[in-house]
Structures are given as C-alpha cells and as structure tokens.
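S.K.:
Number of protein chains: 2
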Amino acid sequence: MNVLVTGAAGFIGSNLVDRLLAAGHSVIGFDNSSTGHRHFLEQAEANSRFRFVHGDILDQEPLLSCMRDVELVCHLAANADVRFGVDHPTKDFRQNAQGTLNVLEAMRICKVPTIAFASTGSVYGEAATIPTPENHPFPVQTSLYGASKLAAEGLIQAYAEGFGIRAFIFRFVSILGERYTHGHVIDFYRQLAEHPGTLNVLGDGTQRKSYLYVQDCVEAILTALDQARESVNIFNLGADEYCQVNTSVGWICKELGCTPKVLYTGGTRGWIGDNPFIFLDCSRIRALGWRPRLTIQESVVQTVCYLRDNIHKIEPAPASL
Amino acid sequence: MNVLVTGAAGFIGSNLVDRLLAAGHSVIGFDNSSTGHRHFLEQAEANSRFRFVHGDILDQEPLLSCMRDVELVCHLAANADVRFGVDHPTKDFRQNAQGTLNVLEAMRICKVPTIAFASTGSVYGEAATIPTPENHPFPVQTSLYGASKLAAEGLIQAYAEGFGIRAFIFRFVSILGERYTHGHVIDFYRQLAEHPGTLNVLGDGTQRKSYLYVQDCVEAILTALDQARESVNIFNLGADEYCQVNTSVGWICKELGCTPKVLYTGGTRGWIGDNPFIFLDCSRIRALGWRPRLTIQESVVQTVCYLRDNIHKIEPAPASL
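Here the protein sequences line up with chains A and B, keeping their order. At position 73 of the first sequence the residue is numbered 72 (numbering that gives the first Met the number 0), and the sequence of numbers has no breaks. At position 234 of the second sequence the residue is numbered 233 (numbering that gives the first Met the number 0), and the sequence of numbers has no breaks.
(1) Could you tell me how far apart the beta carbons of B:Val300 and B:Glu254 are, in whole angstroms, since I believe they sit closer than 8 Å?
(2) Residues in the same chain with beta-carbon distance under 6 Å from B:Asp55, minus the five sequence neighbours each way, listed in chain order, please.
(3) Please tell me whether A:Ala219 and A:Ile284 are closer than 7 Å, where the distance is taken between their beta carbons.
(4) Against chain A, which members of the stretch 82-110 of chain B pass a CB distance test of less than 7 Å?
(5) List the residues of chain A that B:His135 touches, going by C-beta distances under 8 Å, in chain order.
(6) Does B:Ala115 come out as helix, strand or coil in the three-state DSSP assignment?
(7) Along the alpha helix (DSSP H) that carries A:Leu100, what are the first and last residues, could you check?
(8) Can you check which of these residues, B:Ala238, B:Gly145, B:Glu152 and B:Val2, is closest to A:Gly145 by C-alpha distance?
(9) Assuming contact is defined by CB atoms lying nearer than 7 Å, are A:Gln206 and A:Leu198 in contact in what I supplied?
(10) Between which two residues does the beta strand (DSSP E) harbouring A:Cys328 extend?
(11) Per DSSP, what kind of secondary structure is B:Arg307 in: helix, strand or coil?
(12) With A:Gly145 as the anchor, note down where its alpha helix (DSSP H) starts and where it stops.
(13) Since A:Val26 is in the beta strand (DSSP E), which residue starts that stretch and which ends it?
(14) Quick one: list the residues of chain A neighbouring B:Glu70, beta-carbon separation under 7 Å, in chain order.
(15) Taking DSSP as the reference, what is the three-state secondary structure of A:Phe187?
(16) Run down chain A in chain order and give the residues with a C-beta less than 8 Å from the C-beta of B:Thr141.
(17) So which residues on chain B does A:Leu149 lean against when the C-beta distance must stay under 8 Å?
(18) According to a CB-to-CB cut-off of less than 7 Å, which residues of the stretch 38-70 of chain A neighbour chain B?
(19) Count Cβ pairs between the stretch 125-136 of chain A and the stretch 74-83 of chain A that sit closer than 8 Å; are there 3 or more?
(20) Counting only Cβ pairs nearer than 7 Å, list the residues of chain B close to A:Ala227.
(21) How about A:Val231: is its C-beta nearer than 7 Å to some C-beta of chain B?
(22) Can you tell me whether A:His406 is buried or exposed? The criterion is at least 16 other CB atoms within 10 Å of its CB, across all chains shown.
(23) Spatial neighbours of A:Val122 within its chain, please: CB distance less than 7 Å, with the 5 preceding and 5 following residues excluded, ordered by chain position.
(24) So, for B:Ala166: in the same chain, excluding its five sequence neighbours on each side, which residues have a beta-carbon less than 6 Å away from its beta-carbon?
(25) Scan the stretch 268-285 of chain B for residues whose Cβ lies nearer than 9 Å to a Cβ of chain A and list them as they occur along the chain.
(26) State the DSSP-derived secondary structure class of A:Tyr179, mapped to helix, strand or coil.
(27) Would you mind reading off the limits of the alpha helix (DSSP H) that contains A:Val244?
(28) Find the nearest neighbour of B:Met279 within the set B:Arg107, B:Gly237 and B:Arg268, judged by alpha-carbon distance.
(29) Identify whether B:Thr131 lies in helix, strand or coil by the three-state DSSP scheme.
(30) Just the chain B side, please: which residues come within less than 8 Å of A:Gly145 by C-beta, in chain order?
(31) What three-state label does DSSP hand A:Thr5 in the structure shown?
(32) Specify the secondary structure class of B:Leu221 as computed by DSSP and reduced to three states.
(33) Can you confirm whether the stretch 10-18 of chain B touches the stretch 26-45 of chain B when touching is taken to mean that 3 or more C-beta pairs between the two stretches lie within less than 8 Å?
(34) Which term fits A:Glu177, buried or exposed, when burial requires 16 or more other beta carbons within 10 angstroms of its beta carbon?
(35) Does the stretch 240-259 of chain B come close enough to the stretch 86-98 of chain B to have 3 or more Cβ pairs within less than 8 Å?
Laid out in structure tokens, this is it:
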C-alpha cells in the first residue's frame, strides 16, 4: 500500500514510518522539519520504499504534489504540545485544524480514500466519566489544543460523510518511548541533568495521567486499520492504568539514581487547561485483540533510558513557529 | 450595556438588534453585507443608540476598531446555510470557525468579557437520542456546516477556560419568522409563486424537523444571558415539537391557496449531510422560565405571510461568496 505520513520526522510519525516499511508498504514521509528530527528517519531513508518530502501542511501545493496514488494518509503533523496554547492562541487552530483541512482537501482532490488521524484524549476536556469512553457526553473544551483537535475530528467526519473518505480517529493519551521529545519525562530529565538536587514540578504532583508506549500506539493504529470496518472509526488509545505525576517522579529519580528536593508550583493543574485526571476507557480497541505490551512504569523507564543515550541528539524544540 | 452584534443585518441578527435597542442597550451592528440586508436595520438606524459598522469578521482590523468598551458580543455572522457544504468544502470552516477565532481574538485583545454564539443543532450530527439533550453522547459530524460550528464552539470554550471569557452557546433548530431569507419555506414559496401547479421537494418529504419563531429565539437568548450563571452556558433552542416536511408543505399550500403536484427527489435525506430527524430537548432553557409563544405551524404561516408582503425586498442570497 502507498502511505503518506504527515509529521513523519516526529516522535510518533517516525516510529510509524519504520513499522509501515517493515510491513512492506511504500511510504512518503512528509514533514516541515519544524519540531521533527530528520535523523529519526535515518533507518527509513535507507529503504528504497521510502521517500521524504519537505513541506508544510499549511501549503496546499506540496501536499497535492505527493498525493497521487496514495491509498492511506496517516496525518500526524500537528502542534503537539498542549501546554502553551494560551501563549499563542491561534497556533493550535492554524496548525491542527487549518492544517487538517488542507490535508483533507488534498485527499479529496487526489481521491485518497482513507485517513488515519492522531487526535487526543484532550478533546474530552475535564471528562465527567473516568475512565472516559469514546461516546462520553458531549465534551466542553478546556484547551486550545483540544479544541483544535476536536475541530479537526469534525472536519474529518464531515469529509467522510460528504466525500466518502474513510476515517480512523485515534484519541491518544500521552505517548512515551524512543524518539520522545516533549512532555514531563524530558522536562524532569533535563532538570535533573542540570541540577540533580532539585526538581520543579508544575501543579501539586497529584495529577493523574495515563500514558502509552509508542510501539504499542503504532501497533494499535495498525490493528484498527486492519480490522475496523466503519466509515468513521474512533478509538481511544491508552494503557488500562494511570499514575500520579509524583509516582512517575519516583520512577525517573530511581532510574537516574538521584534524590532531588521536589518543589511544586502548586494547584491541582499544572497549567491553564491542564486536566488533573486523564484516563481513557480503551475497551473498544482492546476488543480488536490489541493490548499494550509495556506498563506505564516500564514506558517511563524506557523513555529515561532512551533520553540518557540520545538527549544530545535532540535539540530543544523551537519555542514558537 | 454596550453590545456588538456580528451578522447584524441578517435574519436573526437584525431581530436581536431591535430587541436589544428596545431593552435600552447601545448596539454596534457589524456586518459585511454579503447575505444580510441593510434595510433590515432601518428601524435600528433611526435609534441614536445604534451604530452600523461595515466589516468582515475575517478581517481583524475592523473587529478591533469597534470592540472598545463593548461588554457583550453576540456573534451571529456565519455562513448559515447547511445545505451547500460539499459545493465549497472550505467555506463553512473559513467563515464559521476562522471567523469565530478572529472574533475571540479581538475580544481577548480588547478585554470583552462575554460572548453569545449562534451555534446549531447540526453539531449533533445524526443524533442517537431524540429529543437530543445538550449532553448527548460525543457526536459524529455529518456536515461541513455542523463541523464548522462545532469547531467554533470548542474555540469559545477554550477561550473561556484560557482567558476568562464567559460564553453562551445556543444550538438552534431552524428559525422562522420576519426577515427569514433561506430555508424550505422560502424555497417552496418561490417555487409556488413561479409555478403554483408543481412543487419540488428534496428527499421524500418525511424528514422530521423542529423549528422556532425568531422572536422566541431572541427571547430565549436574552433569558439565558440574564439568568444563566456558569462560565460556559450551552442551550438548545427549539420548539417542543417537530413536523414532517410534508406537513409543512400542507400548511404553506393552504396559506397560499394552491394545490400543487408534489415531486420528490427521493431518499430519506434532502442533501448530503442532511439529518432526517432533528428534534432538540430544550428542557434546560425551559427551566429558566422561557417558552416559545408560537407553535411550528403558526411560525410557518407567519413566515409565509411575511414573504408574501416582503419577498420583493429580499434579493436571492448570492450563490457563493
């Protein structure tokens, strides 16, 4: 199958590219190199079935130029950091909603039949039901990131109805593992590398979050693409567990062999729009036979090990685009 | 209170402007004159507390220029016709989602504390629960119009959380009454004026829809603004009844004194993305003491009477912008 992956040089994108190539597919990796890392695609670039296209999903022309004969678009390009929405109020919308519309338009024009989309559990806002199922009551958005992903989901669904495009929408928890570049594990890792005696934690450390190992995430996407049969298929993707930030701090410090003084900014939320409890009901994807191989603890430790070996290769992401 | 109404020269906007002026408020009417009718504001323009601003919500500058000291934005400017989404796939998104983001940005910059937003029952897609309550399970979008309004709702909610803006979101059924300019009643009216012997109906005529009289709609908005107390307040607005398209055909023909042969395009949906059964649970707004004064039948008849007296003043809306 000919697959186009947007955000191919990103954390999840590059792992997905490797798996698609290993499964025998031909892959076009599309990326604007803004937050991705080209070296994440070193392995892919050695494969004759891979081609890299440098382009931005906000430009229609490069998208159109590489969609011919594509059978599946895995749309992962996004502003993926939920935390800084209020610092640049229109950025999430532009990159995640407008960008998705551009991808859909290119698909419509080039008659690409199927899209797989990386959405987020943030679309549930502060869910009333936990663990949160896909058919949770109509949510109220609490972050510009979640709102932008919700907008993209709606566009994809309307294109499915209006133009017969099949859709797979995946609502992720936070993803961990190889090529991880942003989130609490790298924040804590960087701090402890610089000053092992203190660790600053946003909020009061009691926030409960769920996580998923990146290979388990990619496996779930491929399972759904293989088995789900609806026109619009929506799946939560996460572990069947959650952990407190404080617990994760303990795992990270143990792995790094340090015992810092932990300082809290306070409050139940780490930032405006932070959700103090994220835990998704993933029974829908589990019903297809998928299950995560790594626990959250194993994923956190594996991520710390990855960072210890690779942090020098990962430049800090640009503060803004 | 100083109120800015976007889409002020439109059907609902101009009726809202008149009511706000009658209640003693000062009103800025903002409109790009694309589908609105300036003469709808004749009564308003005679009032010293009214000022018209010609501008497009897609341009930031005119929005910023008139937001100073505004205490409430009633954001009604939109591409309001659900039917033609697939003919111009990016138009709904641009005018309804991007336009709303522009309004929110102007509000944030000018510190306007409150927004009232005209959303739609179309955000429920083909709802599984009818009558459909506001907390219906997470919907799947079936129209570009609904998707664009959902995107706007999400942005408003994220701005409420991120920047402390209070939000009133109203999910309308189809609105009828004085200054009505698009929808099935005017479509049928125009056809019967031209050829009273035949009437072409989209779909099979069994579609069930709910409607609301425009003065009842405006009254509901004012009631909610006066009484609802949450940061984000979401209300369905509709009659506690619905009717079949065929039944409405009967009322219209009786009022016009004609007995056309009715020809159906067939199918349960009138167009791609049409929802064959729209009926909203409005108990939340009813709990605030509001209730519609006119039945759907009375609203349809009143609309026919309005059109009979005023159709010459209403040019057909431009086919596209």
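We treat Cβ as the ideally placed atom computed from N, Cα and C, and that holds for glycine. Computed from a prediction, not measured in an experiment: that's the story for all the values here.
M.R.: Working from what's here:
(1) 5 Å
(2) Asn31
(3) yes
(4) Within the stretch 82-110 of chain B, the residues whose Cβ lies closer than 7 Å to some Cβ of chain A are Gly84, Val85, Pro88, Thr89, Phe92, Ala96, Leu100, Glu104 and Arg107, listed in chain order.
(5) What B:His135 touches in chain A: Pro136 and Phe137.
(6) strand
(7) Gly98 to Cys109
(8) B:Glu152
(9) no
(10) Here chain A covers residues 0 to 320 and nothing more, so residue 328 of chain A does not appear.
(11) Three-state result, B:Arg307: helix.
(12) Leu143 to Phe162
(13) Ser25 to Asp30
(14) Here the premise fails: no neighbours, minimum Cβ distance about 21 Å.
(15) Correct three-state label for A:Phe187: helix.
(16) Gln156, Ala157 and Glu160
(17) The answer, in chain order, is Leu149, Ala150 and Gly153.
(18) none
(19) no
(20) Under the 7 Å cutoff, chain B gives no residues; its nearest Cβ is about 14 Å from A:Ala227.
(21) yes
(22) What the structure shows of chain A is the stretch from 0 to 320, and residue 406 of chain A is not part of that stretch, so it cannot be assessed.
(23) Pro138, Gly145, Lys148, Leu149, Glu152 and Arg170
(24) Correct list, in chain order: Ile114, Ile155, Ala159 and Val231.
(25) Ile271 and Gly272
(26) coil
(27) Val244 to Leu255
(28) Just to set this straight, residue 279 of chain B is Leu in the shown sequence, not Met. If we check each option's Cα against that of B:Leu279, B:Gly237 comes out closest.
(29) strand
(30) Gly153 and Ala157
(31) Correct three-state label for A:Thr5: strand.
(32) helix
(33) yes
(34) buried
(35) Not touching, per the Cβ criterion.
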